[in-house]
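Quick notes on the structure that follows.
In our numbering, the protein residues as written are 662 to 807.
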């Protein structure tokens, strides 16, 4: 959800990192790796990191302590952040409906959800691709335990 050529100079960024399995915690998508990747993105784009929220657990629901704290912070008066940065959409959301609702809620506040791994623009075609990605992430989550 990062538009090519978009400027993020001076933007305030909240990082959300999540792992759901021990394998992820130990391998390439570990919390430290997600945070380090986010910090590189922030530095390369001239943005400022405001805070990091991280946790282990499933993203099938929004019943996650760090996630709820992050939403409360960025949705508060005074808008302390411009961007919620995730490694990929699936790190924040495994429920397409939740993703779309939170995306709209934060958008009304002037806060964007950006994915480092998925580069989307701000146009109707990108909106459709983002919705399809959210649906795919939900499907993949449902298939994982099988």
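Glycine is no exception: its CB is placed at the ideal position from the N, C-alpha and C atoms.
- In the same chain as residue 779, and ignoring 5 residues on each side of it, the C-beta atoms closer than 7 angstroms to its own belong to 662, 749, 750, 794, in chain order.
- In this structure, the CA atom of residue 758 is about 23 angstroms from the CA atom of residue 742.
- Of 694, 699, 674, the smallest CA-CA separation from residue 740 is found for 674.
- In the DSSP assignment, residue 746 is bridged to 676, 775.
- Around residue 725, the same chain offers 716, 718 as residues with beta carbons nearer than 7 angstroms, after the five sequence neighbours per side are excluded.
- Per the C-alpha coordinates, the member of 702, 712, 690, 694 positioned closest to residue 676 is 712.
- If you compare the alpha carbons of 796, 733, 790 with that of residue 767, the shortest gap goes to 733.
- Residue burial is scored here from C-beta neighbours: residue 707 has fewer than 16 other C-beta atoms within 10 angstroms and is therefore classed as exposed.
- Residue burial is scored here from C-beta neighbours: residue 729 has fewer than 16 other C-beta atoms within 10 angstroms and is therefore classed as exposed.
- In this structure, DSSP gives residue 716 an extended state, which the three-state scheme calls strand.
- Rounded to whole angstroms, residue 696 and residue 800 show a C-alpha spacing of 26 angstroms.
- If the five residues before and after residue 702 are omitted, its C-beta is found closer than 6 angstroms to the C-beta atoms of 777, all from its own chain and listed in chain order.
- Selection 755, 785, 764 evaluated against residue 803 yields 755 as nearest (Cα-Cα).
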